[in-house]
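With numbering that gives the first Met the number 0, the residue at position 313 of the sequence shown is 312, and numbering never jumps.
Reviewing the structure listed below.
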Amino acid sequence: MRRRARARRARSGDTRGQSASSGEPLTRPSASVPPGPGGPDPTARDTLLTACALALGAAVSLGLARFAYALILPAMRADLGWTYFTAGAMNTANAAGYLAGALCAPWLMARIGARRALLGGSVCAAATLALHGFVHADAALYTARFLTGVASAAVFISGGLMAARLSARPGLGRGVSAGLILGIYYGGTGLGIVACALIVPPLAAPAIDGARAGWQWAWLALAATALLATGPLAIGSRAVPGDPPAQSRGGGFDGRPFAFGLMGYFMFGLGYIGYMTFIVALLREQQLSTATVVAFYALLGVGVIVSPWLWAGLLQRHRDGRPLAVLNALLAVATALPVLFTHPVAAFVSGALYGAVFLSVVASTTALVRHNLPQATWPAGISAFTIVFAFGQIVGPSLVGRLSDASGGLTLGLAVSAGALLAGALLAARQRALPTHGA
0 MRRRARARRA
10 RSGDTRGQSA
20 SSGEPLTRPS
30 ASVPPGPGGP
40 DPTARDTLLT
50 ACALALGAAV
60 SLGLARFAYA
70 LILPAMRADL
80 GWTYFTAGAM
90 NTANAAGYLA
100 GALCAPWLMA
110 RIGARRALLG
120 GSVCAAATLA
130 LHGFVHADAA
140 LYTARFLTGV
150 ASAAVFISGG
160 LMAARLSARP
170 GLGRGVSAGL
180 ILGIYYGGTG
190 LGIVACALIV
200 PPLAAPAIDG
210 ARAGWQWAWL
220 ALAATALLAT
230 GPLAIGSRAV
240 PGDPPAQSRG
250 GGFDGRPFAF
260 GLMGYFMFGL
270 GYIGYMTFIV
280 ALLREQQLST
290 ATVVAFYALL
300 GVGVIVSPWL
310 WAGLLQRHRD
320 GRPLAVLNAL
330 LAVATALPVL
340 FTHPVAAFVS
350 GALYGAVFLS
360 VVASTTALVR
370 HNLPQATWPA
380 GISAFTIVFA
390 FGQIVGPSLV
400 GRLSDASGGL
410 TLGLAVSAGA
420 LLAGALLAAR
430 QRALPTHGA
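Spelled out as structure tokens, the structure:
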């Protein structure tokens, strides 16, 4: 009887629960069905990939264009006979260029858009890095450092603005917060630092190799790396929401409600750059081996890479200056460790802590702007924080270099850097959230 009933259904075309062509169940999940609690989330994946692509901008503008200098500096000092003051003044020139770029960035982005500023700045950064490899005189190197600072500011500020826009997009995906997006962008600097640790030491030797010094070959290799990074940066940045209409742009930034945050960020710029300029030279003074120094710098870079996951919650929870205060205080501790202790373990703890914290300070100011201001004023707000940061960077390297020359070593200069960071923490702790915000 059952066989006859099935035969009648087959003749009548009744295929309840089955595909008429193959007999397969008609329960295939639709592509539009959201993933289950444990399944992959395509939206989150796409958002994170876009954030990682933007992070290459931070890798170029800071990791390569600024922080590679610390690794190359010992070879340049040995070859060129620099004092610590001259060595610091080179990074002061870089910071002055960064300030000039920060001042021009809002104007540039208003005219050509953030994405074009990002990509054009990345190409220019590669070109100015290459310039270091073709010159030898101090004046030419000052010029190269200045121009590199201008280009890196265009990249870093426009990339930070695009990361902020990405973080404000609705529907970032499961488990993806705005704080994580900002942290990934700034944490991209760690990729550049790790690349420097792998590229620079084999090349940056004080001995002359043919017509070009080893440190010059290192700069050329960094330029090639920056140019290669621009390709995926261009591809990934296409997914970021575009510039707002011209009539919705602008809106001035009133810095008075952010006074303590701005002062705390100035002290961060003054304090952190001394460490990032001279820490490798200090470790050399303490007779650490080349392999140990390379491992230290790579560890610092890895710390930067993982930092977004450490501090995303802190940046997301607080609208006031607490994240900036906490992170500045941790940096003061990390800076003081190699000053107080000469053991390699102290150096590695310092590097790991420093790497895990210092770029999240930058992310904390972007989060402060995003939490407290409407989106139309984000470019002006981010630029204002960048400008005070740049002023701190201008003062820091020359100050540490002058103190180090006077005292016969780097210990005093880095102790002053630690004090500046602690002062920055105390100032930032007084920054309050604004009554209304546009985030």
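Even glycine gets a Cβ: it sits at the ideal position worked out from N, Cα and C.
By the CB criterion at 9 Å, ALA139 and GLY96 fall outside the cutoff. In the three-state scheme derived from DSSP, where H, G and I count as helix and E and B as strand, ALA324 is classed as helix.
The three-state secondary structure of ALA212, taken from DSSP, is strand. In this structure, the alpha-carbon of ALA223 lies about 16 Å from that of ALA143. Judged by beta-carbon spacing, GLY56 lies within the 9 Å limit of LEU117, meaning their Cβ atoms are closer than that value. The segment 166-242 is shown to contain whole alpha helix (DSSP H) runs of 4 or more residues at 177-186, 188-202 and 213-235, in chain order. LEU336 and ALA324 have their C-alpha atoms roughly 19 Å apart.
Using a 10 angstroms sphere on the CB of TRP308, the tally of other CB atoms stays under 16, which defines it as exposed. Counted as a single uninterrupted DSSP element, the alpha helix (DSSP H) harbouring LEU421 occupies residues 410-427. Where THR49 is concerned, the enclosing alpha helix (DSSP H) starts and stops at 41-57. Nearest to THR385 by C-alpha distance, out of VAL368, ALA375, LEU372 and PRO373, is VAL368.
Excluding residues up to 5 positions away in sequence, nothing lies with its Cβ nearer than 7 Å to the Cβ of LEU197 in the same chain. In the same chain as ALA64, and ignoring 5 residues on each side of it, the C-beta atoms closer than 6 Å to its own belong to ALA124, THR147 and SER151, in chain order. Residue range 289-316 is occupied by the alpha helix (DSSP H) that includes THR291. One thing to note: ALA54 has its Cβ no nearer than 9 Å to the Cβ of MET266. PRO41 is not a Cβ neighbour of SER382, given a cutoff of 9 Å.
Taking a contact as a CB-CB distance under 8 Å, the pair GLY187 and VAL154 does not count as one, their CB atoms being some 11 Å apart. When TRP377, LEU426 and GLN430 are compared, the shortest CA-CA separation from ALA113 is found for TRP377. Close CB contacts of ALA86 within its chain, under the 7 Å cut and outside five residues either way in sequence, are with LEU72, ARG76 and GLY400 (chain order).
When the beta-carbon positions are compared, SER363 and PRO322 come within less than 9 Å of each other. Rounded to whole angstroms, the gap between the alpha carbons of LEU128 and TRP218 is 6 Å.
In the DSSP assignment, GLY273 falls within the alpha helix (DSSP H) that extends over 258-284.
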